[in-house]
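What follows is a short report on a single structure.
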Amino acid sequence: MMDIIFNMLMIFLVITAFFMVFTKDISTAVIALPIYGAILVVIFVILQAPGPAIAEAVIAAGLTTVFFVITINKTEY
Amino acid sequence: MKLLTFILTLALWFVFAGRVNIEVFLLGTIICSIISLMLADNGPKSVQMRSATKDFLLKTYYLFLVTSAFINDVFLSAVRVSRHAFEMKPSFSPQIVKLKTSLERKSSTEILANFITLPQGTLGMDIDISNKKYHIHWLDVYSEDQAEVKKAQIRKHEKLIAKLFD
Amino acid sequence: MVYFILAIVLFAILTFYRVMKGPSVPDRVAAMNAIGVMFLLVLVLLSLYFDRKVFLDVALVYGVFLFVNVLIMAKYFTKPEKGEVGD
Amino acid sequence: MINILVQLFVYVFLLTGLYFLLSTAVGMIRFPDLYTRLHAGSKCLMAGGISVLMGCIVMEGIGFVSLKIIVIIILLLITNPVAIHVIARLAENYHFVPKKIAKNELDK
């Protein structure tokens with residue numbers, strides 16, 4: 000039963016990644032980035048790895064998005 | 000005031016650690032004493048604490064009453080919104096209303112904004128802190144009398160908060 | 000318990016439609032907040048399913064950083080006027 | 000006997016939580032306006048989250064795990080209204096006018 004959840008999360012991950020690449024607006028792509036991080040956190044938890052999960056939650060879902068948003072605001076978009 | 004902050008942060012430290020040991024207690028004492036010494040200077044401005052123990056017990060009773068009313072109203076309003084979600088044609092009549100409060104402190108007006116956003120089909124749009132006015136987006140107001148009834152519900156929460164924080 | 004986790008993941012995929020087709024930026028930010036809270040609930044349920052206490056810390060850290068994300072996005076996604084650089 | 004009763008309480012809490020989360024997802028798709036979507040995103044989401052976490056507390060019993068879940072509930076109750084309010088403030092920068100307003104009192 001856990002395999003079905005795992006495969007569904009993998010499909011969701013691929014959908015999010017392709018949506019981030021092929022969209023037109025930059026701000027939309029940045030908004031989709033924390034969702035990508037959240038799916039990776041759940042996948043790491045299912046694979047029984049708490050250390051990479053905390054690192055992923057802090058770095059990819061937290062700090063990288065903040066830096067991207069501030070950088071986009073500094074330039075013209 | 001400093002002692003209360005110290006006890007609260009030490010309890011939070013024990014919850015985060017997940018077990019009770021001598022080592023956890025020693026490390027927690029050092030860190031929580033530093034935090035309480037730094038933060039306790041700004042504390043009495045935001046929350047006014049009087050030293051009488053009877054008043055303290057009364058305030059904890061009001062705190063329990065406020066949180067219970069909060070959770071109850073969240074469920075009641077969630078049922079009302081979710082009924083709109085499953086209709087065949089969603090039918091609202093939204094409206095924007097101005098409301099003026101009589102609370103004095105800055106922190107208590109912000110807590111009332113939390114109370115407006117979650118319960119009973121309302122959503123706070125904008126606060127004017129200097130004039131103490133809210134712009135509120137109501138979900139379903141069909142007539143003028145219904146708006147008065149719903150304003151009376153907000154007044155009830157306002158009295159509770161005024162007893163707690165003013 | 001596994002069926003509940005499956006259902007919450009399905010609801011998250013349904014909410015992702017609003018991120019793909021939101022007309023404006025605040026719609027997308029609101030949908031992102033909803034998806035984040037749903038994955039936080041999934042993390043708590045998984046922690047009880049595997050019976051390991053370490054995974055609750057992951058849920059708590061993720062909740063704090065989700066709030067920081069929404070605050071930063073709401074502060075810096077303003078349209079700059081002509082001749083005015085934000086911040 | 001008590002075991003069966005606890006199990007039944009857990010299922011009741013989790014099923015009500017699933018109902019509110021489903022109404023969140025449907026409301027996010029079907030509602031026509033930004034502010035009504037924010038209604039779906041604040042109230043139904045908070046009710047669903049609180050009931051799912053209460054089911055977790057009833058299932059786990061008294062201990063450090065349930066204390067941590069109580070800390071998560073308090074964090075959600077404080078941070079989610081602030082987030083929704085901040086998003087409603089963000090919509091003013093885009094000069095966003097609500098679509099179906101019966102009688103607008105801002106003009107007075």
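In order, the protein sequences belong to chains A, B, C and D. Take the first sequence: its position 72, counting from 1, is numbered 71 in numbering that gives the first Met the number 0, and each next residue is one higher. Take the second sequence: its position 27, counting from 1, is numbered 26 in numbering that gives the first Met the number 0, and each next residue is one higher. Take the third sequence: its position 69, counting from 1, is numbered 68 in numbering that gives the first Met the number 0, and each next residue is one higher. Take the fourth sequence: its position 31, counting from 1, is numbered 30 in numbering that gives the first Met the number 0, and each next residue is one higher. From the three backbone atoms N, C-alpha and C, an ideal C-beta is built for every residue, glycine too.
F15 of chain B versus D:N79, D:M58, D:K67, D:I56, residue with shortest Cα-Cα distance
Ranked by how close their Cα comes to the Cα of F15 of chain B, the residues D:N79, D:M58, D:K67, D:I56 have D:K67 in first place.
What residues of chain D sit near I7 of chain C, judged by a beta carbon separation below 7 Å?
Here the neighbours are L20.
For the alpha helix (DSSP H) containing L12 of chain A, list its first residue and its last residue.
L12 of chain A -> alpha helix (DSSP H) spans 1-21.
What's the gap between the Cα of A73 of chain C and the Cα of I115 of chain B?
20 Å
So is G110 of chain D buried or exposed if we call it buried at 16+ other beta carbons inside 10 Å?
Chain D is shown only over 0 to 107; residue 110 of chain D falls outside these bounds and no answer can be derived.
Tell me, please, whether the CB atom of I71 of chain C is closer than 7 Å to any CB atom in chain A?
Yes, contact with chain A.
Determine the closest residue to G17 of chain B out of C:V53, C:M37, C:L13, with distance taken between C-alpha atoms.
C:V53
For M45 of chain D, would you say it is in contact with chain B, using Cβ-to-Cβ distances shorter than 7 Å as the test?
yes
Collapsed DSSP secondary structure at K20 of chain C in the structure displayed
Coil.
Please determine, among D:V64, D:I49, D:S65, D:G26, the residue with the shortest C-alpha to C-alpha distance to H38 of chain D.
D:G26
Report the rounded CA-to-CA distance for G16 of chain D versus G40 of chain D, giving the unit in angstroms.
14 Å
Check the Cβ of P33 of chain A against every Cβ in chain C and list those closer than 8 Å, keeping chain order.
M31, G35, L65, N68
Span separating the alpha-carbon of L7 of chain B from that of I73 of chain D:
About 14 Å.
As a quick exercise: from C:V67, C:V63, C:G21, pick the residue whose alpha carbon is nearest that of I71 of chain D.
C:V63
Residue range of the unbroken alpha helix (DSSP H) whose run includes P31 of chain D:
Per DSSP, P31 of chain D belongs to no alpha helix (DSSP H) and is neither H nor E.
In three-state terms, what does DSSP make of I61 of chain D?
coil
Would you mind working out which of A:A28, A:V20, A:A16 sits nearest G21 of chain C, comparing C-alpha positions?
Its Cα nearest to that of G21 of chain C, the residue A:A28 stands out among A:A28, A:V20, A:A16.
Buried or exposed for Y10 of chain D, please, with buried defined as at least 16 other CB atoms from any protein chain shown within 10 angstroms of its CB.
exposed
Could you please give the first and the last residue of the uninterrupted alpha helix (DSSP H) stretch that includes A37 of chain A?
Per DSSP, A37 of chain A is one residue of the alpha helix (DSSP H) stretching across 32-45.
I'd like the span of the alpha helix (DSSP H) that includes I58 of chain A, first residue to last.
Counting along the chain, I58 of chain A falls outside any alpha helix (DSSP H), and DSSP gives it neither H nor E.
Straight-line CA distance for G23 of chain D to M53 of chain D?
Note on residue identity: the sequence assigns Thr, not Gly, to residue 23 of chain D. Each residue's alpha carbon lies about 19 Å from the other.
Do C43 of chain D and S81 of chain B have their C-beta atoms within less than 7 Å of each other?
yes
Can you find the residues in the same chain that come closer than 6 Å, C-beta to C-beta, to S46 of chain C, ignoring five residues on each side of it along the sequence?
F54, L55
Do you know whose CA, among C:I71, C:G35, C:V18, lies nearest R27 of chain C's CA?
C:V18
Close-in-space but distant-in-sequence residues of the same chain around I42 of chain A (CB under 7 Å, 5 per side omitted):
L8
Other residues of its chain near S35 of chain B: CB distance less than 7 Å, five sequence neighbours each side excluded
K1, T4, F5, T8
Chain-ordered chain A contacts of D56 of chain C [CB-CB under 9 Å]:
P49, I53
Partners in chain C for L8 of chain A, counting only beta-carbon separations shorter than 7 Å
V8
Cross-chain neighbours of V5 of chain D in chain C, by beta carbon under 8 Å
Residues of chain C passing the Cβ test: none, with the nearest at roughly 14 Å.
For V51 of chain D versus L40 of chain C, is the C-beta spacing smaller than 7 Å?
yes
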